[in-house]
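Plus 5 on top of the position in the sequence shown (first one is 1) and you've got our numbering.
Structure record follows, encoded as structure tokens.
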Amino acid sequence: SLLNGLHGARFCIEHGLTQQAITILRETLVSVMCRVLGLNWENQEDREIVSSIPSLKQRPETEWHGAAAEHREKTKMVIEAMQSDGASLSILKNLLNIRNDINHAGINENPAAAKKFRKNAEALYREIVAWIEQKQIDL
């Protein structure tokens, strides 16, 4: 169940498994967003569309690739829905930035300090739980 993802992330945070917690949070958030948007959370293309929205919304359609380019109408619907629910878009963007930072060893323009990863994971966990509760999403 999707609830297991939150339990797994919490366990990882509590046991210092920060990278694993961030990965689980990302996968869980994408799954929940797919469900909320009426997409198949087990379908890789649907997941790819949802997880790519933070970068896609800033690009012209002609620069879309992969599942977004193959399913333009679905992608537009997801962009519109996520923009109207700014919280989910903000959480996903922050989560993807932290995930990229930790998984690419901080080789980017604005790397976070290593000591901040756990605090960021904890904060994102709380934000995701609050968003799920506020939206009254049944997991």
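All residues carry an ideal CB built from backbone N, CA and C; glycine is no exception.
Source: prediction; values computed, not measured.
Continuous alpha helix (DSSP H) stretch holding residue i: start and end
| i | result |
| --- | --- |
| glutamine 25 | 23-41 |
| glutamate 66 | Looking at the DSSP string, glutamate 66 is not in any alpha helix (DSSP H), and its letter there is neither H nor E. |
| isoleucine 136 | The displayed chain sequence assigns tryptophan, not isoleucine, to residue 136. Tryptophan 136 -> alpha helix (DSSP H) spans 121-140. |
| aspartate 106 | 91-108 |
| glutamate 19 | 7-19 |
Sequence-distant residues of its chain with Cβ nearer than 8 Å to residue i (five each side left out)
| i | result |
| --- | --- |
| leucine 7 | Thr33, Ser36, Val37, Arg40, Trp46 and Leu144 |
Cα-Cα separation, residue i to residue j
| i | j | result |
| --- | --- | --- |
| isoleucine 27 | leucine 100 | 7 Å |
| glycine 91 | arginine 52 | 18 Å |
| alanine 110 | asparagine 125 | 16 Å |
Assumed close pair residue i, residue j - CB separation to whole angstroms, cut-off 8 Å
| i | j | result |
| --- | --- | --- |
| isoleucine 18 | arginine 123 | 7 Å |
| isoleucine 96 | tryptophan 69 | About 22 Å separates the two Cβ atoms, so there is no contact after all. |
| leucine 94 | isoleucine 142 | No, leucine 94 and isoleucine 142 are not in contact; Cβ-Cβ is about 16 Å, not under 8 Å. |
Chain-order list of residues whose beta-carbon lies under 6 Å from that of residue i (same chain, five-residue window excluded)
| i | result |
| --- | --- |
| threonine 80 | Ile54 and Ala73 |
Close Cβ partners of residue i (< 7 Å) along its chain, the five nearest in sequence each way excluded
| i | result |
| --- | --- |
| isoleucine 29 | Gly10, Gly13, Ala14 and Cys17 |
| histidine 20 | none |
Buried/exposed call for residue i, threshold 16 Cβ in 10 Å
| i | result |
| --- | --- |
| threonine 23 | buried |
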